[in-house]
Amino acid sequence: MKTKIEILAVIFSAALFCIVSASPIQIHAGFEMLGTTEGKIFVRPIYGPGSDNLTYQDAIAKCHSAGYKIATLESQAQNDVVEPSSRWSWIDGIDLQTPDVFFSINTGRNLTYFNWTKWGQRPIIGKDDNNCIRISCNSGDC
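If you count the sequence shown from 1, position 77 lands on 76 in numbering that gives the first Met the number 0, and the numbers rise without skipping.
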């Protein structure tokens with residue numbers, strides 16, 4: 000019996016994080032592994048200069064092109080894998096139906112884990128990507 004492991008891609012700076020369900024596990028060229036936790040492998044694309052203008056839809060397409068899904072963060076442990084970046088990143092979650100009620104585009108279920116800020120502010124919404132979630136490090140430790 001094969002164990003199913005998800006690979007999540009994280010796309011930074013108008014970039015993203017993705018999830019991959021594959022066996023055997025394969026990290027595609029152009030992606031690098033960030034870390035693993037809770038049966039998930041987090042990866043991100045390797046970008047060169049001038050790659051900071053990725054829309055949410057572009058980010059999803061980038062993940063899908065490698066067989067991955069945009070990353071859904073469901074715990075502090077998963078958040079800790081993707082957090083150490085001073086650049087912002089797209090992750091799974093949109094609130095198209097009800098403002099501030101975010102659901103996963105991967106599963107269609109409401110998201111229940113959020114770690115926006117210690118002040119409880121809502122996530123940053125992209126100018127051209129209304130209702131989509133992006134994360135960034137807001138501490139001096141980035």
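Don't be surprised by glycine CBs; every beta carbon is placed ideally from N, CA and C.
Open item on the list: Within a Cβ cutoff of 6 Å, which residues of the same chain sit near T106, ignoring the five residues on either side of it in sequence?
Closed with: Position 107 of the sequence shown, counted from the start, is the residue given in the question as residue 106. If the five residues before and after T106 are omitted, its C-beta is found closer than 6 Å to no C-beta atom of its own chain.
TODO: Tell whether a beta-carbon distance below 8 Å holds between E73 and Y112.
DONE: Position 74 of the sequence shown, counting from 1, holds the residue named residue 73. Position 113 of the sequence shown, counting from 1, holds the residue named residue 112. Judged by beta-carbon spacing, Y112 lies within the 8 Å limit of E73, meaning their Cβ atoms are closer than that value.
Open item on the list: DSSP three-state label for D79, please.
Closed with: The residue labelled residue 79 in the question sits at position 80 within the sequence shown. Three-state DSSP puts D79 in a helix.
- [ ] Measure the C-alpha to C-alpha separation of Y67 and D91 and round it to an integer number of angstroms.
- [x] As a position in the sequence shown, residue 67 is number 68, starting the count at 1. As a position in the sequence shown, residue 91 is number 92, starting the count at 1. When rounded, the distance between both Cα atoms is 12 Å.
- [ ] Identify, in the order they occur along the chain, each residue of the same chain with its Cβ nearer than 6 Å to the Cβ of L95, setting aside the five sequence neighbours on each side.
- [x] Within the sequence shown, residue 95 is the residue found at index 96, counting from 1. The answer, listed in chain order, is N130.
TODO: Quick one: residues in its chain with C-beta nearer than 7 Å to the C-beta of E31, no 5 flanking neighbours on either side, listed in chain order?
DONE: The count along the sequence shown starts at 1 and reaches residue 31 at position 32. Around E31, the same chain offers V42, R43, I45 as residues with beta carbons nearer than 7 Å, after the five sequence neighbours per side are excluded.
Task: Backbone CA spacing between G38 and Q75 [nearest angstrom] - done: Counted from its first residue, the sequence shown places residue 38 at position 39. Counted from its first residue, the sequence shown places residue 75 at position 76. G38 and Q75: Cα-Cα distance of roughly 14 Å.
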